[in-house]
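Enquirer: Residue numbers 757 to 1048, in our numbering, belong to the letters of the sequence shown in order. Right, I'll just put the structure down here and ask away after.
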Amino acid sequence: MKTGFAGIRRRPGSKGFRILAVITGALLAAVGLELFLMPHGLVVGGITGLSALFAHTTEMRLGLFLFLFNLPFIFMSRKQLNLRFALYTVLGLACLTIGSLALHQFPAIIGDPLPAAIAGGICLGLGVGISVRFGGMNQEASASDQGYSLLSGGPPRSYEIVIMLLNCAILFAAGALFGWDQAMYSIIAYLLAFEGVRLTLRGLSPSRSAWITSSRCDDIQRVLKEQLDREAALIGEGGHNGQPGTLFCLTDRSEEKVLTEWIRKADPDSRIVFKSSESARRRRLFLNDKKE
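Written as structure tokens, this is what we have:
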């Protein structure tokens, strides 16, 4: 019998539980940052690590940079996020920011950097993972979540390679600023945060595969490309001149509703099936190879 986060299933009446999970995850991440990592000059990757570097060098509050650096990602993904997911994302970001600002005045719980790195990495990873699982934080906010998506199948995409290089640069900068001992502790915190995210997102695929059956495949492909910047691959024959065909499109779980709306506008009679697919990226690469 499976237990843990993988066994969680959302029910229509679980909105209150979902909001509570988003708030809890964001506050737990703030505890890991402000009460364990930041007092010892420990930095993890991603937007969180970049915010910590700026906070250390400018002596400004971490919460301010967390808000400023994460806000552009919400605007950039506004087409893909429906209103419900956007509100959960804003809620998670707001709780992370407010929690970080409120905890900044408190001293570190642990004086030794090694156990602080362990405890901070675990708190940050679990907090970010819980918040991401329930839609309360952008995936771009955590390098650990990007690492999880890399393990979901297939080689890394170009933007993921850029994020990996950015993480290395952040850790290198932390070593140059705070000493290489602190950099090693930061790597420990990063790896534990990664495992925390991986644990909380277990059983939850970061990608969805959409299978679309329609006699207007050309119109659907054009609409998805223009409105959502999504490619849809035509499977087999058909789909042209009124003949029914099947399209395959890789999307995120937060995009299902808005994707469906645009498909229905292009073809009200289309049939759409979403599947949780950890191998969706591998399948897309296979389809692209066949097209070539």
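Ideal placement from N, C-alpha and C gives every residue a C-beta, glycine not left out.
#1: So for A856, helix, strand or coil by DSSP?
#2: Three-state secondary structure (DSSP) at F773?
#3: Since C879 sits in a beta bridge, which residues does DSSP pair it with?
#4: Could you name the residues that DSSP lists as bridge partners for A989?
#5: Cα-Cα, which of L843, V778, G805 and L793 is closest to I919?
#6: Assuming C879 contacts A782 (C-beta within less than 8 Å), just tell me the rounded distance between them.
#7: Anyone know if the C-beta pair for A939 and L927 falls short of 7 Å?
#8: What are the start and end residues of the alpha helix (DSSP H) that includes S971?
#9: State the beta-bridge partners of V1029 as determined by DSSP.
#10: Please report the residue range of the alpha helix (DSSP H) in which R958 lies.
#11: If you follow the alpha helix (DSSP H) that H812 is part of, which residue opens it and which one closes it?
#12: Quick one: measure Cβ to Cβ for R1027 and C1005, integer angstroms, because I've assumed they're closer than 8 Å.
#13: For I865, which three-state DSSP category applies?
#14: Rounded to a whole number of angstroms, what is the C-alpha to C-alpha distance between D975 and A808?
#15: With DSSP as the reference, label V1080 as helix, strand or coil.
#16: Would you report the Cα separation of L849 and D1025, rounded to the nearest angstrom?
#17: Can you name the start and end residues of the alpha helix (DSSP H) that E1012 belongs to?
#18: Nearest to I874 by CA position, among E790, L1003, Y941 and L990, is which residue?
#19: Taking L947 as the reference, which of G802, V1029 and I779 has the closest Cα?
#20: Tell me whether Q999 sits in a helix, a strand or coil according to DSSP, three-state version.
#21: Quick one, which of R972, D868, Q999 and A989 has its alpha-carbon nearest F792's?
#22: Tell me the DSSP secondary structure of G819 in three-state form.
#23: Using a threshold of 7 Å, state whether the C-beta atoms of P990 and L980 are closer than that.
#24: How many Å lie between T853 and F810 at the Cα?
#25: Starting from the C-beta of F890, find all residues in its chain whose C-beta is less than 6 Å away, skip the five residues before and the five after it, and write them out in chain order.
Expert: With the structure as the only source:
#1: Numbered from its first residue, the sequence shown carries residue 856 at position 100. In the sequence under discussion, the amino acid at residue 856 is Ser, which differs from the Ala named in the question. In this structure, S856 counts as helix in the three-state DSSP scheme.
#2: For this step, residue 773 is matched to residue 17 along the sequence shown. Helix, per DSSP.
#3: In the sequence shown, residue 879 corresponds to position 123, counting from 1. According to DSSP, C879 bridges with nothing at all.
#4: Here residue 989 is taken as the residue at index 233 of the sequence shown, counted from 1. F1004, per the DSSP bridge assignment.
#5: Working through the sequence shown from its first residue, we reach residue 919 at position 163. Measuring from the Cα of I919, the nearest candidate turns out to be G805.
#6: For this step, residue 879 is matched to residue 123 along the sequence shown. For this step, residue 782 is matched to residue 26 along the sequence shown. 12 Å between Cβ atoms; not a contact.
#7: Stepping through the sequence shown from its first residue, residue 939 is reached at position 183. Stepping through the sequence shown from its first residue, residue 927 is reached at position 171. The beta carbons of A939 and L927 sit closer together than 7 Å.
#8: Taking the sequence shown and counting its residues from 1, one reaches residue 971 at position 215. Careful: S971 lies outside any alpha helix (DSSP H) and carries neither H nor E.
#9: Taking the first residue of the sequence shown as 1, we reach residue 1029 at position 273. Per DSSP, W967.
#10: Indexing the sequence shown from 1 puts residue 958 at position 202. No alpha helix (DSSP H) contains R958, which DSSP labels as neither H nor E.
#11: As a position in the sequence shown, residue 812 is number 56, starting the count at 1. Counting along the chain, the unbroken alpha helix (DSSP H) around H812 starts and ends at G802 to T814.
#12: Working through the sequence shown from its first residue, we reach residue 1027 at position 271. Working through the sequence shown from its first residue, we reach residue 1005 at position 249. Not really, about 14 Å apart at Cβ, beyond 8 Å.
#13: As a working note, residue 865 is residue 109 in the sequence shown. Coil at I865, not helix or strand.
#14: Your numbering for residue 975 matches position 219 in the sequence shown. Your numbering for residue 808 matches position 52 in the sequence shown. Their Cα atoms are separated by approximately 46 Å.
#15: As shown, the chain starts at 757 and ends at 1048. That puts residue 1080 outside it, with no answer to give.
#16: Numbered from 1 along the sequence shown, position 93 holds the residue referred to as residue 849. Numbered from 1 along the sequence shown, position 269 holds the residue referred to as residue 1025. Approximately 38 Å, taken between the alpha carbons.
#17: One-based indexing of the sequence shown puts residue 1012 at position 256. Taken as a continuous stretch (DSSP letters only), the alpha helix (DSSP H) holding E1012 covers E1012 to A1022.
#18: Within the sequence shown, the letter at position 118 stands for residue 874. Distances from the CA of I874 to each of E790, L1003, Y941 and L990 were compared; the closest alpha carbon is that of Y941.
#19: Sequence index remark: in the sequence shown, residue 947 carries index 191 (1-based). Nearest of G802, V1029 and I779 to L947, Cα basis: G802.
#20: Residue numbering aside, residue 999 sits at position 243 when the sequence shown is read from its first letter. In this structure, Q999 counts as coil in the three-state DSSP scheme.
#21: As a working note, residue 792 is residue 36 in the sequence shown. For the set R972, D868, Q999 and A989, the Cα lying nearest the Cα of F792 is the one of D868.
#22: On the sequence shown, position 63 is the one that residue 819 refers to. Three-state result, G819: helix.
#23: Position 234 of the sequence shown holds residue 990. Position 224 of the sequence shown holds residue 980. In the sequence as presented, Pro is not what sits at residue 990; that position holds Leu. No, the Cβ-Cβ distance between L990 and L980 is not below 7 Å.
#24: Sequence index remark: in the sequence shown, residue 853 carries index 97 (1-based). Sequence index remark: in the sequence shown, residue 810 carries index 54 (1-based). Between T853 and F810, the C-alpha separation is close to 15 Å.
#25: For the purposes of this step, residue 890 is identified with residue 134 of the sequence shown, where counting begins at 1. Cβ within range, chain order: R774, A777 and V778.
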